[in-house]
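This report refers to the structure that appears directly beneath it.
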Amino acid sequence: WATQLGRKQEAEAAFKQVITNHIQSYYAWRSAVQLGWDVGDFSTLRQSSLTVNWPTVRPELPVGSAALKELYQLGQDQDAWSLWQGEFQTRLKPTVPQQFTDGLFRLAMGEYLKGISLVETLEDRETSQEQEQYQKITEKPAYWQALYPFPYIEVIETESKQRNINPLLVISLMRQESRFEPNITSVAGAMGLMQMLPSTAAWVGKSINFNDYKLDNPNDNIKLGTWFLAHSHRVYEDNSAFAIASYNAGQGNVGKWLKGNQPIDLDEFVETIPFGETRNYVKQVLGNYWNYLRLYNPEVGQELVDFFAQE
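Under my numbering, the final residue of the sequence shown carries the number 298; numbering is consecutive throughout.
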């Protein structure tokens, strides 16, 4: 509102405060956009081609024997997991470092829903000592990388390139849809990593001559879902706010919301989406995008380093 009133300094201070206090939020991304950072916007996200550096070295486990840590670093996940089962004797009441370690192991074993949940709920610890331990963990890149992992990245990048869509949008939507669980099914019947309805998948499959698929197969689901996300962008002239809302609520509903409302303020559109689930969904997906960008894009990462050095 300060921007709209022409109070530039007041607006800039507010945007900077949002980034400082709510770094992981959708609103931090919107603030970065308003501050002129090269982080994409609603109309440019689809074809954004920012550099992404995925980590190649695993984080050091905070607890566990030397043998356990070595097996984990070597990627001997099954052996490391078996050893961890013997060492982790306080499952009912784990310490903060133990719960974080368990979360890292769940991620390594492909249990992304459980792993992300274990890391997310660390912030709910109640004692001052636990909160201090939690805060120390959040200062490490490994904490954020555990919250925003990058499974299936090779097929995501391949399909994204073929469909001319930003791979960070695909992985951000996938994180929100399924937490990377390939066998998950919603109450509405949507299936797999990108939560494709069987009827939608059949239509997409026919459109791209890809009819021999299984929705619980990660490669197949990503192929179908990425095409559909790109299609949703084409329908709305590459506007990601409309496309993501459509992916959740359907083109019919988004069409009703937009009828007679062009041109439209996109921030206002997001805030006034009639369906609470869809409104939250759009913010979550774009918040995911921002977090993947700030964690894995070196330019945005450096922008944040410089920003906090000045604060």
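Just so it is clear, CB atoms sit at the ideal spot from N, CA and C, and this is done for glycine as well.
Everything numeric in this text was worked out from a predicted model, so none of it was measured.
For residue i, the nearest candidate out of the options (CA to CA)
i: Leu70; options: Glu255, Ala53 and Ser115; result: Ala53
i: Trp24; options: Asn8, Gln116, Phe2 and His9; result: Phe2
i: Glu224; options: Thr7, Glu117 and Leu32; result: Leu32
i: Val20; options: Glu298, Trp277 and Pro285; result: Trp277
i: Asn153; options: Phe294, Trp16 and Ser35; result: Ser35
i: Gly179; options: Leu160, Gly51 and Gln132; result: Leu160
i: Ile260; options: Asn275, Leu282, Ile231 and Leu280; result: Ile231
i: Asp203; options: Ala296, Val26, Gly176 and Glu290; result: Gly176
i: Gly242; options: Gly263, Glu264 and Ser219; result: Ser219
i: Leu22; options: Leu37, Ala(-2) and Pro42; result: Ala(-2)
i: Trp16; options: Glu298, Arg281 and Phe295; result: Arg281
Residue i, enclosing alpha helix (DSSP H) - first and last residue
i: Glu117; result: Ser115 to Thr125
i: Pro285; result: Pro285 to Gln297
i: Thr7; result: Lys(-5) to Asn8
i: Thr213; result: Pro205 to Val222
i: Gly62; result: Careful: Gly62 lies outside any alpha helix (DSSP H) and carries neither H nor E.
i: Pro128; result: Pro128 to Leu134
i: Phe256; result: Leu253 to Glu258
i: Arg17; result: Tyr13 to Gln21
i: Phe229; result: Ser227 to Ala236
Helix, strand or coil at residue i according to DSSP, with G and I counted as helix
i: Met96; result: coil
i: Trp(-12); result: With a pLDDT of 46 at Trp(-12), under the threshold of 50, the predicted position of this residue should be treated as unreliable, though the coordinate-derived value follows. Three-state DSSP puts Trp(-12) in coil, outside helix and strand.
i: Thr43; result: coil
i: Met181; result: coil
i: Thr172; result: strand
i: Leu37; result: coil
i: Ile152; result: coil
i: Arg162; result: helix
i: Lys201; result: coil
i: Lys243; result: helix
i: Phe81; result: A quick correction: the sequence has Pro, not Phe, at residue 81. It is coil, neither helix nor strand.
i: Leu73; result: According to the sequence provided, residue 73 is Gly. The question's Leu does not apply to it. Note: Gly73 maps to helix in three-state DSSP.
i: Leu48; result: coil
i: Gly27; result: coil
i: Ile140; result: helix
i: Leu273; result: helix
i: Ile103; result: helix
i: Leu32; result: coil
i: Asn196; result: coil
i: Arg281; result: helix
i: Phe167; result: coil
i: Phe87; result: helix
i: Arg266; result: helix
Residues of its chain near residue i, where Cβ-Cβ distance is below 6 Å and the 5 sequence neighbours each way are ignored
i: Lys201; result: Asp207
i: Val100; result: Note that residue 100 corresponds to Leu in the displayed sequence, not to Val. So the qualifying residues of the chain are Arg166 and Glu168.
i: Glu290; result: Trp24
i: Trp(-12); result: Because the pLDDT at Trp(-12) is just 46, under 50, the model does not fix this residue reliably, and the value given afterwards should be weighed accordingly. If we look at Trp(-12) and ignore the five residues flanking it on each side, it has no Cβ neighbours.
i: Arg162; result: Asn275
i: Leu211; result: Met183, Ala188 and Val191
Own chain partners of residue i with C-beta closer than 7 Å, once the 5 adjacent residues on each side are dropped
i: Arg45; result: Tyr59 and Gln60
i: Phe29; result: Asn226, Ser227, Ala228 and Leu253
i: Thr213; result: Glu146, Ser147, Arg150, Ile152 and Val157
i: Ser18; result: Phe2, Val5 and Ile6
i: Leu94; result: Gly102, Ala133 and Pro136
i: Pro81; result: Asp89
i: Ile195; result: Trp214
i: Thr77; result: Gln85
i: Val50; result: Pro84, Gln85 and Thr88
i: Val272; result: Ser159, Leu160, Gln163 and Ile231
Own chain, CB closer than 8 Å to residue i, minus 5 neighbours either side, in chain order
i: Tyr121; result: Val83, Leu109, Glu110 and Arg112
i: Phe215; result: Met181, Met183, Thr187, Val191 and Tyr234
i: Leu(-8); result: Annotation note: pLDDT 48 at Leu(-8) (below 50); position unreliable, coordinate value reported separately. No residues qualify anywhere along the chain.
i: Asn40; result: Tyr283, Asn284 and Pro285
is_contact[residue i, chain B] using C-beta, thresh 9 Å
i: Glu298; result: Protein chains in the displayed structure number just one, and chain B is not present.
Heavy atom of the ligand SAM within 8 Å of residue i beta-carbon
i: Asp25; result: Among the components of this structure there are no ligands whatsoever, and the ligand SAM is therefore not found.
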